[in-house]
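Residue numbers (the numbering used here): 13 to 222.
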């Protein structure tokens, strides 16, 4: 927020602590399915909240979008199961597999997410596709934008989590959205009282949720 741009100069750090989380293994070594193309297979679509340009070594804290897609090559159909990010389940890589919100499994890497979902659903995951904020922006822009029926006018941070002159505005109704606008719509789930200075009343109308 603009009124807090000088926060670092206006405050004094008395004490600080930090904790480093280590991923269990490299992402590329995670899965290695040997299924034939004639067999059904399941893909995990995973969206993480990293704002980095690349995905390979980008640090992420939450896995906020998790969809299991199972393809049946015999019937040429697919079934999709969306897992809400706040689903409370045993986390495979946490000590003692203690229960927590499933979104937090992503902080320990993709293997933790995959194993947690497999334990929870009993579904074997053969492959995964992982994307972050920058990836969504690039993907939608590469498609030339997407047409969406936007349920309400809103404003949101951009892909770098910045307000002010970077604020993304989207109008209600059928809109052709670019990458930044599409990401903003995917992320928007509550009225932005902190961003009211940038947004104004118009962009904080309507009922919204996860």
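Cβ atoms here follow ideal geometry from the backbone N, Cα and C, with glycine treated the same way.
Continuous beta strand (DSSP E) stretch holding residue i: start and end
i, result
"residue 76", "75 to 84"
"residue 99", "Where residue 99 is concerned, there is no enclosing beta strand (DSSP E), given that its DSSP letter is neither H nor E."
"residue 161", "158 to 162"
"residue 180", "180 to 182"
"residue 167", "166 to 168"
Contact check, residue i vs residue j, beta carbons under 8 Å
i, j, result
"residue 94", "residue 79", "yes"
"residue 162", "residue 184", "yes"
"residue 167", "residue 181", "yes"
"residue 196", "residue 146", "no"
"residue 118", "residue 66", "no"
"residue 110", "residue 132", "no"
Collapsed DSSP secondary structure at residue i in the structure displayed
i, result
"residue 131", "helix"
"residue 187", "strand"
"residue 51", "coil"
"residue 17", "coil"
"residue 114", "helix"
"residue 194", "helix"
"residue 40", "With a pLDDT of only 47 at residue 40, under the threshold of 50, the placement of this residue in the model should not be trusted, and no figure is reported."
"residue 27", "coil"
"residue 176", "helix"
"residue 89", "strand"
"residue 123", "helix"
"residue 108", "helix"
"residue 214", "helix"
Limits of the unbroken alpha helix (DSSP H) element including residue i
i, result
"residue 149", "145 to 154"
Distance between beta carbons of residue j and residue i, contact taken as under 8 Å
i, j, result
"residue 53", "residue 140", "About 11 Å separates the two Cβ atoms, so there is no contact after all."
"residue 81", "residue 57", "6 Å"
"residue 137", "residue 129", "7 Å"
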